[in-house]
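K.L.:
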Amino acid sequence: MKPQSYRRNIGIHYLFTIFKFLNLTGGLWMIFLSIKGFSLVQIGLLEGIYHVTGFLMEVPTGIVADLWGRKASRLIGRVVWSSSLFLMFYPNGFFLQALGFALCALGNTLESGAEEALVYDSLLLDGNEAFYPKVGGINEFLYQATSIVSYMLGGLLALYDWTWVFGLSFIFAMAACATGLFFIEPGIERPITTPVRVFHAMWSQMIDSLSVIRGKPRIAFLIVSFQLLEAFLVSMFFYLQIHWKHLGMNELQIMTIFSIASAVSGLGALLTHRVKHRFGDYRIMTVIPLLIVLFMAAIAFTRWQYVFYIAIGSIDGLFAVYMSDYINRLIPSVRRATIISLGNMMFSTFMIVLFPLIGLAGDTAGLPAAFVMVAVLAAILYVPY
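Just so we're on the same page, my numbering is the position in the sequence shown counted from 1, plus 20.
The structure is reproduced here in structure tokens:
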């Protein structure tokens, strides 16, 4: 009998990525909430709620993906995420906005660990895991290219009617769901679970995944270091929106800067497999984080913020793909989604603390001072790295 081939999962994943990231709200939601009258502290609290939800749900949803399937987890994730758009668009009150942010986080956690696990295991079962950096680079390129379309289209539509921004985002999310129906679930061995033994199975999966990390402490070190760096970058991405808006830029101009950064990030991601073979692990994992920290400092201390933001984009996409490949090589398939979700939980932990802190600093001392704080923290934390 001919063994099952999972090659088509890669092409479907590429198409799923395109529809998933045609999220026209992604680069604009802070501006949208600011227009609705929310303060920086309130916006920071909403983002904090998002990450608290992510913190609480990352590991359970990763376990769900490992035990009951990555395909189902990804599809449910898009449906839940889509429902959050209505709560974020219509209500003006803080409570319903908070509920919308929580649903958004839940939808993303259902997919975060399942996404990488489905792709990596599809390659692994076909004996093609060595191609993961190339596949990851193409996927990152598609993500960045799609982000350009989202930024430009979202910025343009926001100048006229925000209904189109949220409405089209919902339609694209449903298109992602339709595409995901064609995934083939990777045939890895899973423990048999009955409704009575669900929680026991989830607990065992968690304990066994932590045992893997204890046996390979480098996994924990790499996850914590990378997620902390990404937390700094994501925070700057969101608060730069409001900062540039205060400087007089309109939504389309801000999205143009983000689009250029996405373009160079996507191109960098395509070069990941070549850079990996040329420079090796040690140089990549020491030089690229140092460059990112230096560019963050330049954003804080110079007038050329958009130039150095684009400079970060030129290497961050490459670094993200590289780190994903390196960490996945250390993780067994049956624990993959759970351990990846543990990493995403660390990201949420950092954002719970960092995002409201930057918002508070921005409200009290101004966003330029908040950017200085972020740059100094990143520089201090790079020293032990």
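The beta-carbon is built from N, C-alpha and C at its ideal position, and this holds for glycine as well.
1) Comparing C-alpha positions only, which one of Asn43, Thr358, Ala389, Gly235 sits nearest to glycine 187?
2) For a minimum of 3 consecutive residues, which ranges assigned as the beta strand (DSSP E) are wholly contained in the segment 124-178?
3) Using CA coordinates, which residue listed in Leu48, Ser25, Thr358, Leu397 is at the minimum distance from methionine 269?
4) Does the Cβ-Cβ distance between glycine 286 and serine 334 come in under 8 Å?
5) By the 10 Å Cβ neighbour count, where 16 or more other Cβ atoms means buried, how is proline 388 classified, buried or exposed?
6) For glutamate 136 versus isoleucine 360, is the C-beta distance shorter than 8 Å?
7) Helix, strand or coil for tryptophan 49 per DSSP?
8) Around the C-beta of tryptophan 235, are 16 or more other C-beta atoms found within 10 angstroms, so that it is buried, or is it exposed?
9) Pull up the distance between the alpha-carbon of alanine 251 and that of leucine 377, whole angstroms please.
10) Closest to phenylalanine 58 by C-alpha separation, out of Val313, Glu205, Gly379, Leu290, would be which residue?
11) Can you tell me whether DSSP reads lysine 56 as helix, strand or coil?
12) Can you tell me the Cα-Cα spacing of serine 255 and glycine 363, whole angstroms?
13) Please classify methionine 275 as buried or exposed, where buried requires at least 16 neighbouring CB atoms within 10 angstroms.
14) Kindly indicate which three-state DSSP category isoleucine 204 falls into: helix, strand or coil?
15) On a CA-only basis, which of Gln117, Ser54, Ala318 is nearest tyrosine 70? Give me that one, please.
16) Select from Ser93, Cys124, Gly386, Phe391 the residue whose C-alpha is nearest the C-alpha of leucine 374.
17) Select from Lys296, Phe36, Asp383 the residue whose C-alpha is nearest the C-alpha of tyrosine 163.
18) Assuming threonine 292 and glycine 174 make a contact with CB atoms under 8 Å, what is their CB distance in whole Å?
19) Buried or exposed: proline 309, going by 16 or more other Cβ atoms within 10 Å of its Cβ?
20) Assign tyrosine 259 to buried or exposed, taking buried as 16 or more other Cβ atoms, counted over all protein chains shown, within 10 Å of its Cβ.
21) Determine the DSSP secondary structure at methionine 393, reduced to helix, strand or coil.
22) Does the segment 198-209 come within contact of the segment 50-57, defined as at least 3 CB pairs closer than 8 Å?
23) For serine 231, is the classification buried or exposed, using 16 other Cβ atoms within 10 angstroms of its Cβ as the cut-off for buried?
24) Rounding to the nearest angstrom, what Cα-Cα distance links tyrosine 152 and lysine 91 in this structure?
25) Who are the Cβ neighbours of threonine 369 in its own chain at under 6 Å, not counting the five residues just before and after it?
26) Which ranges does the alpha helix (DSSP H) cover as unbroken runs of at least 4 residues, wholly within the segment 280-312, from first to last along the chain?
27) From isoleucine 212 to valine 185, what distance separates their C-alpha atoms?
P.N.:
Let me lay it out:
1) Distance check between glycine 187 and each of Asn43, Thr358, Ala389, Gly235 places Asn43 closest, using alpha-carbon atoms only.
2) As far as the segment 124-178 is concerned, it has no whole beta strand (DSSP E) run of at least 3 residues.
3) When each option's Cα is compared against that of methionine 269, the closest is Leu48.
4) Between glycine 286 and serine 334, the C-beta gap is not smaller than 8 Å, which leaves the two residues out of contact.
5) Its Cβ having fewer than 16 others within 10 Å, proline 388 is exposed.
6) Yes. Within cutoff.
7) Helix at tryptophan 49.
8) Note on identity: in this sequence residue 235 is glycine, with tryptophan being the wrong assignment. In summary, glycine 235 is exposed, with fewer than 16 beta-carbon neighbours lying within 10 Å of its beta-carbon over all protein chains present.
9) Alanine 251 and leucine 377 have their C-alpha atoms spaced approximately 12 Å apart.
10) If we check each option's Cα against that of phenylalanine 58, Gly379 comes out closest.
11) Reduced to three states, the DSSP call for lysine 56 is coil.
12) Taking the straight line joining both Cα atoms gives about 17 Å.
13) Within a 10 Å sphere around the beta-carbon of methionine 275 sit 16 or more other beta-carbons, which makes this residue buried.
14) DSSP, read as helix, strand or coil, puts isoleucine 204 in coil.
15) When Gln117, Ser54, Ala318 are compared, the shortest CA-CA separation from tyrosine 70 is found for Gln117.
16) Of the candidates Ser93, Cys124, Gly386, Phe391, the one whose C-alpha sits nearest the C-alpha of leucine 374 is Phe391.
17) The option with the nearest alpha carbon to tyrosine 163 is Phe36.
18) With a Cβ gap of about 27 Å, threonine 292 and glycine 174 do not count as contacting.
19) Buried: at least 16 other Cβ atoms inside 10 Å.
20) With 16 or more other Cβ atoms inside 10 Å of its own Cβ, tyrosine 259 counts as buried.
21) Residue state, collapsed to three classes: helix.
22) Cβ pair count under 8 Å is below three, so no.
23) Serine 231 should be labelled exposed.
24) Their backbone Cα atoms lie some 19 Å apart in a straight line.
25) Same-chain partners within the cutoff: Phe75.
26) Complete alpha helix (DSSP H) runs here, min 4: none at all.
27) Low confidence applies here, because isoleucine 212 scores a pLDDT of 49, under 50, leaving its location unreliable; read the following figure in that light. Cα to Cα, the separation comes out at about 43 Å.
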